[in-house]
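Residue numbers (my numbering): 1314 to 1533. No residue lacks a Cβ here, since even glycine has one placed at the ideal position from N, Cα and C.
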Ligand SMILES: CC(C)(COP(=O)(O)OP(=O)(O)OC[C@H]1O[C@@H](n2cnc3c(N)ncnc32)[C@H](O)[C@@H]1OP(=O)(O)O)[C@@H](O)C(=O)NCCC(=O)NCCS
């Protein structure tokens, strides 16, 4: 499938996955030039590798579209010192990119308090990386199955991105064990390290496989 075709399929899937009152956008890196950034953003990215500049701009294009849909006048969300986007007052969201595709989700803070979005390939995770991702309680689900391990990886990245703005805590994949429902495309927390805020136990998780990508969302 072409990048454009994948991008349309991912947009359709993300729209189904996103909880109500969230806005989403998907863009391919080829569309990166369609966004005009403020001068301070160009100052920040001008020394970056071309690929990373395109990825960043494609992500900001998605942010701009998603924030417009939820009614924000400020539509850029430049990163802070931790790389975390500065969402406009009263709004929150999350950005992800993978292999030429960027995506964003945005919502009003009055509707949601935490949100994390992730996009991964399902055929890239090495065995050694999978071992770092999979918690002992998840071994029966992941086994030697690269797709299932990739789903866990993506869901945990979404978890990490949802929790970071509140905690500013780095994570370790094996501090979280998830129970995944492949039929429903949902997951629940089986076990979570107690150093994380118990509010995170209320996170909802959803994921969807599209071609050889997995999209994951975590929100509360
Ligand atoms: C932050 C992180 C998830 C980003 O990974 P990545 O492979 O670049 O992933 P994505 O493309 O999906 O996301 C990148 C975007 O996430 C956002 N981001 C960056 N740091 C972030 C953070 N700490 N929290 C939330 N979002 C963050 C940015 O918008 C970034 O895009 P941009 O730089 O173009 O603005 C990763 O670097 C990381 O630190 N992971 C830790 C994983 C972990 O500890 N997991 C444990 C789970 S229990």
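query: Residue 1316 to residue 1483 span [Cα, whole Å]; result: 33 Å
query: C-alpha gap between residue 1449 and residue 1356, whole angstroms; result: 45 Å
query: Residues proximal to ligand 1 by C-beta, any heavy atom closer than 7 Å; result: 1368, 1369, 1372, 1392, 1395, 1396, 1397, 1398, 1407, 1408, 1409, 1410, 1411, 1429, 1431, 1432, 1469, 1470, 1472, 1473, 1474, 1477, 1478, 1483, 1484, 1485, 1486, 1488 and 1489
query: Residues near residue 1447 in its chain [Cβ-Cβ closer than 7 Å; skip 5 each side]; result: 1455, 1462 and 1465
query: Start-end ranges of the beta strand (DSSP E) lying completely within the region 1439–1508, minimum 3 residues; result: 1489–1494 and 1499–1505
query: The beta strand (DSSP E) enclosing residue 1334, as first and last residue numbers; result: First-last for residue 1334: undefined, no H or E at that position.
query: Closest residue to residue 1497 among 1506, 1486, 1511 and 1519 (Cα-Cα distance); result: 1519
query: Inter-residue CB distance, residue 1521 and residue 1330 (contact presumed, cutoff 8 Å); result: 5 Å
query: Beta-bridge partners of residue 1431, as assigned by DSSP; result: 1529
query: For residue 1379, three-class secondary structure by DSSP; result: helix
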